[in-house]
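Note sheet for the following structure.
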Amino acid sequence: MWTSFRIIICKLNVQVSWRDMSHAFRFTVLKALSSGAVAVRRSTNYQLQFQFECTARQVRMENGHSSESRGALIILEGLDGSGKSSQSSRLVSYLEGLGFPAELWRFPDRNTSVGQMISLNLSNKSQLDDHTIHLLFSANRWEKRSVLLFYKLKSGITLVVDWYSYSGVAFSSAKGFDFEWCKAPEQGLLAPDLVKGDLDISPEKAAERGGYGGERYEQLDFQRKVSQQYKSLEDASWKVILF
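Each residue of the sequence shown is one higher than the last, beginning at 2 in the numbering used here.
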(Lines of atoms letter the chains of each structure in order from A and count residues from 1; the text may use other names and numbers.)
(Lines give C-alpha, C1' and ligand atoms only; values in the text may rest on other atoms or scores of the structure.)
Protein backbone atom coordinates (compact mmCIF):
# COMPACT_ATOMS: atom_id res chain seq x y z
CA MET A 1 0.00 0.00 0.00
CA TRP A 2 1.21 3.48 -0.81
CA THR A 3 1.94 5.52 2.26
CA SER A 4 2.25 9.23 2.83
CA PHE A 5 4.16 11.38 5.26
CA ARG A 6 3.26 13.29 8.40
CA ILE A 7 5.80 15.99 8.94
CA ILE A 8 6.76 17.99 12.00
CA ILE A 9 8.96 20.93 11.05
CA CYS A 10 10.80 22.09 14.16
CA LYS A 11 13.15 24.95 15.03
CA LEU A 12 10.79 27.69 13.84
CA ASN A 13 13.03 30.30 15.43
CA VAL A 14 15.52 29.69 12.61
CA GLN A 15 14.77 31.95 9.65
CA VAL A 16 14.86 29.77 6.55
CA SER A 17 13.31 30.66 3.21
CA TRP A 18 11.45 28.05 1.18
CA ARG A 19 14.16 28.43 -1.46
CA ASP A 20 16.72 27.23 1.11
CA MET A 21 14.68 24.34 2.46
CA SER A 22 16.51 21.11 3.18
CA HIS A 23 16.69 18.51 0.44
CA ALA A 24 14.85 16.14 2.79
CA PHE A 25 11.83 18.41 3.04
CA ARG A 26 11.79 19.09 -0.70
CA PHE A 27 11.83 15.35 -1.29
CA THR A 28 8.97 14.87 1.18
CA VAL A 29 6.80 17.49 -0.50
CA LEU A 30 7.43 15.96 -3.91
CA LYS A 31 6.74 12.48 -2.51
CA ALA A 32 3.39 13.68 -1.20
CA LEU A 33 2.58 15.04 -4.64
CA SER A 34 3.50 11.79 -6.39
CA SER A 35 2.10 9.15 -4.02
CA GLY A 36 -0.98 9.07 -1.86
CA ALA A 37 -2.65 8.94 1.50
CA VAL A 38 -3.72 5.83 3.35
CA ALA A 39 -7.34 5.27 4.26
CA VAL A 40 -6.61 4.65 7.94
CA ARG A 41 -4.04 6.62 9.89
CA ARG A 42 -2.49 4.04 12.21
CA SER A 43 -1.29 5.14 15.60
CA THR A 44 0.73 3.32 18.21
CA ASN A 45 -2.00 4.45 20.59
CA TYR A 46 -5.36 2.99 19.56
CA GLN A 47 -7.17 5.84 21.27
CA LEU A 48 -5.71 8.32 18.80
CA GLN A 49 -6.52 6.56 15.54
CA PHE A 50 -8.28 8.59 12.87
CA GLN A 51 -10.50 7.05 10.23
CA PHE A 52 -10.26 9.12 7.05
CA GLU A 53 -11.78 8.32 3.69
CA CYS A 54 -9.44 6.74 1.17
CA THR A 55 -8.49 9.45 -1.32
CA ALA A 56 -8.76 9.32 -5.07
CA ARG A 57 -4.98 9.52 -5.50
CA GLN A 58 -4.42 6.34 -3.53
CA VAL A 59 -7.12 4.42 -5.39
CA ARG A 60 -5.59 5.30 -8.74
CA MET A 61 -2.07 4.47 -7.60
CA GLU A 62 -3.04 1.09 -6.14
CA ASN A 63 -5.01 0.16 -9.25
CA GLY A 64 -2.11 1.10 -11.48
CA HIS A 65 -3.97 3.98 -13.11
CA SER A 66 -1.69 6.89 -12.36
CA SER A 67 -2.33 8.85 -15.56
CA GLU A 68 -5.11 10.86 -13.93
CA SER A 69 -3.10 12.42 -11.13
CA ARG A 70 -4.85 14.71 -8.67
CA GLY A 71 -3.61 17.46 -6.42
CA ALA A 72 -2.20 16.71 -2.98
CA LEU A 73 -3.89 17.64 0.30
CA ILE A 74 -1.23 19.21 2.57
CA ILE A 75 -2.21 20.23 6.11
CA LEU A 76 -0.47 22.70 8.41
CA GLU A 77 -1.22 22.44 12.12
CA GLY A 78 -0.08 24.37 15.17
CA LEU A 79 -0.94 26.85 17.89
CA ASP A 80 -2.34 30.32 17.37
CA GLY A 81 0.65 32.51 16.59
CA SER A 82 2.90 29.60 15.60
CA GLY A 83 3.60 31.10 12.19
CA LYS A 84 1.73 28.47 10.17
CA SER A 85 -0.27 31.07 8.22
CA SER A 86 2.92 32.70 6.92
CA GLN A 87 4.49 29.30 6.31
CA SER A 88 1.45 28.09 4.37
CA SER A 89 1.56 31.12 2.08
CA ARG A 90 5.25 30.50 1.41
CA LEU A 91 4.57 26.84 0.72
CA VAL A 92 1.96 27.72 -1.90
CA SER A 93 4.47 30.03 -3.60
CA TYR A 94 7.11 27.30 -3.43
CA LEU A 95 4.82 24.71 -5.03
CA GLU A 96 3.76 27.13 -7.74
CA GLY A 97 7.44 27.75 -8.45
CA LEU A 98 7.82 24.01 -9.03
CA GLY A 99 4.99 24.12 -11.55
CA PHE A 100 2.25 22.65 -9.34
CA PRO A 101 -1.10 24.49 -9.31
CA ALA A 102 -1.72 25.24 -5.63
CA GLU A 103 -4.21 27.09 -3.46
CA LEU A 104 -4.25 28.13 0.19
CA TRP A 105 -7.31 27.20 2.26
CA ARG A 106 -7.97 28.07 5.89
CA PHE A 107 -10.30 26.56 8.44
CA PRO A 108 -12.56 27.77 9.74
CA ASP A 109 -13.83 29.11 6.42
CA ARG A 110 -15.63 32.19 7.71
CA ASN A 111 -17.43 32.89 4.43
CA THR A 112 -20.03 30.14 4.86
CA SER A 113 -23.10 30.39 7.10
CA VAL A 114 -21.53 27.94 9.55
CA GLY A 115 -18.24 29.79 9.37
CA GLN A 116 -19.94 33.07 10.21
CA MET A 117 -21.39 31.53 13.37
CA ILE A 118 -17.90 30.33 14.31
CA SER A 119 -16.42 33.75 13.60
CA LEU A 120 -18.91 35.50 15.88
CA ASN A 121 -18.05 33.08 18.66
CA LEU A 122 -14.29 33.45 18.20
CA SER A 123 -14.58 37.24 18.29
CA ASN A 124 -16.62 37.01 21.52
CA LYS A 125 -19.69 38.49 19.83
CA SER A 126 -21.77 35.41 20.61
CA GLN A 127 -21.75 32.69 23.26
CA LEU A 128 -22.07 29.04 22.30
CA ASP A 129 -21.77 25.83 24.30
CA ASP A 130 -18.34 24.23 23.84
CA HIS A 131 -19.89 21.05 22.47
CA THR A 132 -21.82 23.10 19.93
CA ILE A 133 -18.78 25.03 18.73
CA HIS A 134 -16.81 21.79 18.30
CA LEU A 135 -19.53 20.38 16.06
CA LEU A 136 -19.70 23.64 14.11
CA PHE A 137 -15.97 23.50 13.40
CA SER A 138 -16.39 19.95 12.12
CA ALA A 139 -19.45 20.92 10.06
CA ASN A 140 -17.39 23.71 8.49
CA ARG A 141 -14.90 21.11 7.24
CA TRP A 142 -17.65 18.81 6.05
CA GLU A 143 -19.37 21.51 4.00
CA LYS A 144 -16.15 21.98 2.01
CA ARG A 145 -15.52 18.25 1.53
CA SER A 146 -17.15 17.87 -1.88
CA VAL A 147 -15.34 20.95 -3.17
CA LEU A 148 -12.03 19.59 -1.85
CA LEU A 149 -12.45 16.15 -3.44
CA PHE A 150 -14.59 16.52 -6.51
CA TYR A 151 -13.47 19.89 -7.81
CA LYS A 152 -10.13 21.16 -6.57
CA LEU A 153 -8.12 17.99 -5.92
CA LYS A 154 -9.49 16.02 -8.87
CA SER A 155 -8.74 18.94 -11.18
CA GLY A 156 -5.07 18.67 -10.23
CA ILE A 157 -4.87 21.56 -7.75
CA THR A 158 -2.77 20.97 -4.64
CA LEU A 159 -4.42 22.38 -1.51
CA VAL A 160 -2.36 23.75 1.36
CA VAL A 161 -4.78 23.86 4.30
CA ASP A 162 -4.21 25.96 7.41
CA TRP A 163 -5.79 23.84 10.22
CA TYR A 164 -7.81 20.67 9.72
CA SER A 165 -9.23 17.85 11.86
CA TYR A 166 -6.22 17.65 14.18
CA SER A 167 -6.80 21.19 15.45
CA GLY A 168 -10.43 20.38 16.18
CA VAL A 169 -9.41 17.47 18.38
CA ALA A 170 -6.51 19.32 20.03
CA PHE A 171 -8.52 22.41 20.94
CA SER A 172 -11.65 20.62 22.17
CA SER A 173 -9.77 17.94 24.11
CA ALA A 174 -7.85 20.79 25.78
CA LYS A 175 -11.22 21.76 27.26
CA GLY A 176 -11.41 18.33 28.88
CA PHE A 177 -13.55 16.57 26.28
CA ASP A 178 -13.00 12.88 25.56
CA PHE A 179 -10.70 12.15 22.61
CA GLU A 180 -13.12 9.70 21.05
CA TRP A 181 -15.97 12.18 21.21
CA CYS A 182 -13.77 14.87 19.66
CA LYS A 183 -12.72 12.59 16.80
CA ALA A 184 -16.14 11.17 15.98
CA PRO A 185 -17.40 14.02 13.73
CA GLU A 186 -14.18 13.86 11.70
CA GLN A 187 -14.69 10.25 10.60
CA GLY A 188 -14.90 10.11 6.80
CA LEU A 189 -13.20 13.40 5.97
CA LEU A 190 -10.45 13.34 3.36
CA ALA A 191 -7.10 11.87 4.39
CA PRO A 192 -4.23 14.33 3.99
CA ASP A 193 -1.18 13.38 1.95
CA LEU A 194 1.13 15.32 4.24
CA VAL A 195 0.74 16.94 7.66
CA LYS A 196 3.22 19.62 8.73
CA GLY A 197 2.97 20.40 12.40
CA ASP A 198 4.66 23.49 13.84
CA LEU A 199 4.70 21.97 17.31
CA ASP A 200 8.12 22.97 18.55
CA ILE A 201 7.31 26.62 19.16
CA SER A 202 6.36 27.31 22.77
CA PRO A 203 2.99 28.88 23.63
CA GLU A 204 4.95 31.69 25.30
CA LYS A 205 6.86 32.42 22.10
CA ALA A 206 3.70 32.28 20.02
CA ALA A 207 2.04 34.78 22.36
CA GLU A 208 4.74 37.34 21.53
CA ARG A 209 3.54 37.66 17.94
CA GLY A 210 1.65 40.76 16.87
CA GLY A 211 -2.15 40.69 17.15
CA TYR A 212 -2.16 37.84 19.65
CA GLY A 213 -5.08 37.82 22.09
CA GLY A 214 -7.75 39.18 19.79
CA GLU A 215 -9.85 36.02 19.71
CA ARG A 216 -11.43 33.70 22.23
CA TYR A 217 -8.82 30.94 22.37
CA GLU A 218 -5.74 33.17 22.15
CA GLN A 219 -5.02 32.88 25.86
CA LEU A 220 -1.69 31.59 27.10
CA ASP A 221 -2.99 29.13 29.69
CA PHE A 222 -5.37 27.55 27.21
CA GLN A 223 -2.74 27.43 24.45
CA ARG A 224 -0.45 25.51 26.81
CA LYS A 225 -3.17 22.87 27.13
CA VAL A 226 -3.65 22.79 23.36
CA SER A 227 0.09 22.32 22.90
CA GLN A 228 0.02 19.25 25.14
CA GLN A 229 -2.93 17.80 23.24
CA TYR A 230 -1.17 18.32 19.92
CA LYS A 231 1.82 16.41 21.26
CA SER A 232 -0.52 13.60 22.29
CA LEU A 233 -1.47 13.25 18.63
CA GLU A 234 2.14 12.50 17.63
CA ASP A 235 3.07 8.87 17.07
CA ALA A 236 5.75 6.77 15.42
CA SER A 237 4.32 7.43 11.95
CA TRP A 238 5.11 11.15 12.19
CA LYS A 239 8.47 12.15 10.72
CA VAL A 240 10.58 14.98 12.12
CA ILE A 241 12.69 17.11 9.80
CA LEU A 242 14.96 19.75 11.32
CA PHE A 243 16.22 22.67 9.25
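The beta-carbon is built from N, C-alpha and C at its ideal position, and this holds for glycine as well.
- Residue state for A192 is assigned as coil, using DSSP reduced to three classes.
- Secondary structure note for G116: it is in no beta strand (DSSP E), and the uninterrupted alpha helix (DSSP H) holding it is S114 to L123.
- Looking at the backbone, the Cα of S168 and that of A185 are separated by about 14 Å.
- Note that the C-beta distance between A175 and Q230 is below 8 Å.
- Put simply, the backbone Cα of V170 is about 16 Å away from that of L191.
- Between K85 and D163, the CB-CB gap stays under 8 Å.
- Closest in alpha carbon position to I76, among S127, T159 and S147, is T159.
- Taken atom to atom, the span from the alpha-carbon of D131 to that of L123 is near 12 Å.
- Spanning the alpha carbons of Q220 and L99 requires a straight line of approximately 38 Å.
- About 12 Å separates the CB atoms of G79 and R210; that is not less than 8 Å, and the two are not in contact.
- Within the model, the alpha-carbon separation for N125 versus S70 is close to 43 Å.
- The beta carbon of E104 is closer than 8 Å to those of V93, K153, I158, T159, L160 and V161 in its chain, skipping five residues each way along the sequence.
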